[in-house]
Amino acid sequence: MTGSPAQARRRPPLGRILRRAWPLTPRGVGAVVIGLAAVVCAHSFGVPELVYVGVLLIASVALGWMSLWFVHRYGDVSRSFSPDVTAVGSESTVTVHATARGGLSGAIARWTDALPDGVEGDASGILTGAAALDRVRLTYRIRGTRRGIRDVGPFAIVVTDPFEFTRRSVRVGAVEPITVAPATVMLPPLAEYPGEAGGSLHTATHQLGEGADNLIPRTYAPGDSMRRINWRASAHHDELMVRQEEQESTPEATVVLDRAAARWAPAASLPGEDPTFEAAVTAAVSAVARLTREGYDVTVIDAEGHPLGAPAPAGDTLAVEQLALDLATLVTGSDDRLAGLPRLFAGTVAGPVVVVSARVTTADADALAPLVAHSALPVLLAADSSDEAIARASGAGWRAAVLSAEGDLTETWRAATERGTARAAF
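Take 165 as the starting number for the sequence shown in this note's numbering and just add one per residue.
Okay, structure coming up:
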């Protein structure tokens with residue numbers, strides 16, 4: 165199950181709210197104070213010229229304030245992201261299109277775009293030529309730091325008059341979401357198979373030529389060449405049988421991501437909040453990427469057997485990217501069914517099976533032991549698990565290794581796949 169819980173926004177402190185609502189800059193406050201003092205001193209000391217100075221200062225502040233409210237106009241704001249989906253640790257370029265018309269010549273406008281938790285970047289700057297702007301195009305770069313759907317915005321402009329006596333803060337437009345997918349780590353090739361497409365070496369391909377009587381036949385169909393008749397199979401089936409031209413199948417692999425709520429921290433009920441669960445999601449996506457490069461069709465399921473995304477065909481990098489997008493909002497919440505996982509593979513001989521779980525006990529290792537006989541390469545990546553449990557799983561035939569948020573996933577994968585009975589310690 166996936167979810168996209170709303171990200172609660174932190175309320176700004178009261179001091180920040182008051183500063184944003186206060187219309188005068190420090191220079192404007194000084195001008196008003198000096199203007200009032202000049203008027204008072206004019207009456208006290210009998211210097212009428214000070215009245216003109218005081219009135220001029222106060223009028224300048226008032227004129228600047230009026231220019232911000234009655235001359236400046238702000239319209240819609242839209243954003244585009246390139247790429248529109250980013251991964252943890254990757255960058256995306258944000259392009260902001262805004263409609264804004266300045267007021268008096270020399271006005272200064274500073275802009276900011278609010279960034280949520282899980283996204284970082286320098287989303288601020290100064291609008292040049294604010295008096296003549298009509299349509300504004302701004303760009304900045306962001307970097308995803310936590311998985312999930314994150315809201316960027318709103319867009320804010322703080323504009324000051326040419327004398328910098330007054331300011332006005334305006335929030336324009338709504339927030340727009342960007343999806344931060346889990347990171348995909350380049351894992352080492354499987355040790356058993358040479359090259360980048362080791363799994364494809366196990367593709368079952370039978371090319372049936374003249375005289376190949378021992379290969380799989382099929383029933384004769386009108387139009388088949390008489391030279392392809394398999395006489396031995398015809399005698400056995402008591403009907404005409406012909407040789408298959410070719411039979412080809414792509415090997416399959418399965419990645420199991422255990423998302424039982426009991427095995428993860430409560431924070432894992434929200435995307436991007438629990439570092440250990442984030443490491444597990446990254447491990448699952450990275451394993452899929454490696455297995456597809458090895459020539460496997462890969463399916464990702466949870467411990468209950470429910471698919472967590474569309475299958476990734478062998479060599480299809482776009483399918484891996486789509487799977488990462490499917491897992492962008494994955495959270496915990498299922499029942500603990502890890503012990504029943506071998507039943508999903510009963511009666512079959514599967515290819516590699518990669519299980520990513522947490523808090524694996526010796527009892528879990530014993531329950532998973534029957535699955536080893538049904539997988540060509542059983543791999544267990546377990547977070548927050550004891551040494552005894554890892555050793556028990558390794559003894560049963562699992563390629564077991566400890567998964568941690570601080571550890572190197574590449575080394576964890578290498579330790580699990582290259583040294584079946586060894587354990588990676590970080």
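Even for Gly, the Cβ is constructed at its ideal location relative to N, Cα and C.
Residue range of the unbroken beta strand (DSSP E) whose run includes Ser549
Numbered from 1 along the sequence shown, position 385 holds the residue referred to as residue 549. Counting along the chain, Ser549 falls outside any beta strand (DSSP E), and DSSP gives it neither H nor E.
Residue from Asp551, Ile342, His401 and Ala533 whose Cα sits closest to the Cα of Asp315
Against the sequence shown, residue 315 aligns to sequence position 151. If we check each option's Cα against that of Asp315, Ile342 comes out closest.
Which of helix, strand or coil DSSP assigns to Glu582
Taking the first residue of the sequence shown as 1, we reach residue 582 at position 418. Per DSSP, reduced to three states, the secondary structure at Glu582 is helical.
Ala261 by DSSP, collapsed to three states: which one?
Translated into the one-based positions of the sequence shown, residue 261 becomes position 97. Checking the displayed sequence, the identity of residue 261 turns out to be His instead of Ala. If DSSP states are grouped into helix, strand and coil, His261 belongs with the strands.
Could you give the distance in angstroms between the alpha-carbon of Asp572 and the alpha-carbon of Glu340?
Mapped onto the sequence shown, residue 572 falls at position 408. Mapped onto the sequence shown, residue 340 falls at position 176. Spanning the two alpha carbons is a distance of roughly 34 Å.
Considering Glu458, what are the terminal residues of the beta strand (DSSP E) in which it resides?
The residue given as residue 458 occupies position 294 in the sequence shown. Unbroken run through Glu458: none, as it is neither H nor E.
According to DSSP, Arg335 sits in a beta bridge with which residue or residues?
Residue numbering aside, residue 335 sits at position 171 when the sequence shown is read from its first letter. Paired residue(s): Ala320.
Trp428 classed as buried or exposed, judged by whether at least 16 other C-beta atoms fall within 10 angstroms
Position 264 of the sequence shown, counting from 1, holds the residue named residue 428. Buried, by the Cβ-count rule.
In the structure shown, what three-state DSSP assignment does Arg427 receive?
As a first step, residue 427 must be located in the sequence shown, where it is residue number 263. Here Arg427 carries a helix assignment [DSSP, helix/strand/coil].
Within 8 Å, do at least three Cβ pairs link the region 548 to 567 to the region 489 to 501?
no
For Thr456, is the classification buried or exposed, using 16 other Cβ atoms within 10 angstroms of its Cβ as the cut-off for buried?
Taking the sequence shown and counting its residues from 1, the one referred to as residue 456 is at position 292. With 16 or more Cβ atoms within 10 Å of its Cβ, Thr456 is classed as buried.
So Ile313 packs on Ala492, CB below 8 Å; how close in whole Å?
Counted from its first residue, the sequence shown places residue 313 at position 149. Counted from its first residue, the sequence shown places residue 492 at position 328. Their Cβ separation, rounded to whole angstroms, is 7 Å, which keeps Ile313 and Ala492 in contact under 8 Å.
Using DSSP with H/G/I as helix, E/B as strand and the rest coil, what is Phe209?
Sequence index remark: in the sequence shown, residue 209 carries index 45 (1-based). The answer is helix: DSSP assigns Phe209 an H, G or I state.
Three-pair Cβ contact test at 8 Å for the region 540 to 547 versus the region 556 to 568
yes
Looking only at C-alpha atoms, which of Ala338, Gln486, Gly289 and Ile465 sits nearest to Gly317?
As a working note, residue 317 is residue 153 in the sequence shown. For Gly317, the nearest C-alpha among the options comes from Ala338.
Can the beta-carbon of Tyr460 be found closer than 8 Å to that of Ala510?
The residue given as residue 460 occupies position 296 in the sequence shown. The residue given as residue 510 occupies position 346 in the sequence shown. Contact flag unset, no.
I need the DSSP call for Met230, collapsed to helix, strand or coil.
Within the sequence shown, residue 230 is the residue found at index 66, counting from 1. DSSP places Met230 in helix when its eight states are reduced to three.
Whole angstroms are fine: how far does the CA of Gly239 sit from the CA of Arg301?
Taking the sequence shown and counting its residues from 1, one reaches residue 301 at position 137. Taking the sequence shown and counting its residues from 1, one reaches residue 239 at position 75. C-alpha separation (whole angstroms): 13 Å.
Can you find at least 3 beta carbon pairs, one from the region 280 to 289 and one from the region 228 to 235, that sit closer than 8 Å?
no
Quick check on this structure: which residue in Val513, Arg454, Arg382 and Phe329 has the alpha carbon closest to the alpha carbon of Ser539?
Walking along the sequence shown from the start, residue 539 turns up at place 375. Cα-wise, what sits closest to Ser539 is Val513.
According to DSSP, is Tyr216 part of a helix, a strand, or is it coil?
Along the sequence shown, read from residue 1 onward, the residue named residue 216 stands at position 52. DSSP places Tyr216 in the helix class (H, G or I) of the three-state scheme.
Secondary structure, alpha helix (DSSP H): runs of 4+ residues fully inside the region 481 to 542
Annotation: the region 481 to 542 contains the following complete segments of the alpha helix (DSSP H) (minimum length 4 residues), in chain order: 481 to 490, 505 to 508 and 526 to 532.
Look up Glu442 in the DSSP assignment and say whether it is helix, strand or coil.
Along the sequence shown, one-based indexing puts residue 442 at 278. DSSP places Glu442 in helix when its eight states are reduced to three.
Between the C-alpha atoms of Ile465 and Val452, what's the straight-line distance to the nearest angstrom?
For the purposes of this step, residue 465 is taken as residue 301 along the sequence shown, with counting starting at 1. For the purposes of this step, residue 452 is taken as residue 288 along the sequence shown, with counting starting at 1. Taking the straight line from one Cα to the other gives about 11 Å.
Collapsed DSSP secondary structure at Met350 in the structure displayed
Numbered from its first residue, the sequence shown carries residue 350 at position 186. Three-state result, Met350: coil.
Reference Gly479; option with closest CA among Val204, Gly282, Thr414 and Gly308:
Working through the sequence shown from its first residue, we reach residue 479 at position 315. Minimum Cα distance to Gly479 is reached at Thr414.
Which residue from Asp277, Thr525, Gly199 and Thr250 puts its Cα closest to that of Val260?
Numbered from 1 along the sequence shown, position 96 holds the residue referred to as residue 260. If we check each option's Cα against that of Val260, Asp277 comes out closest.
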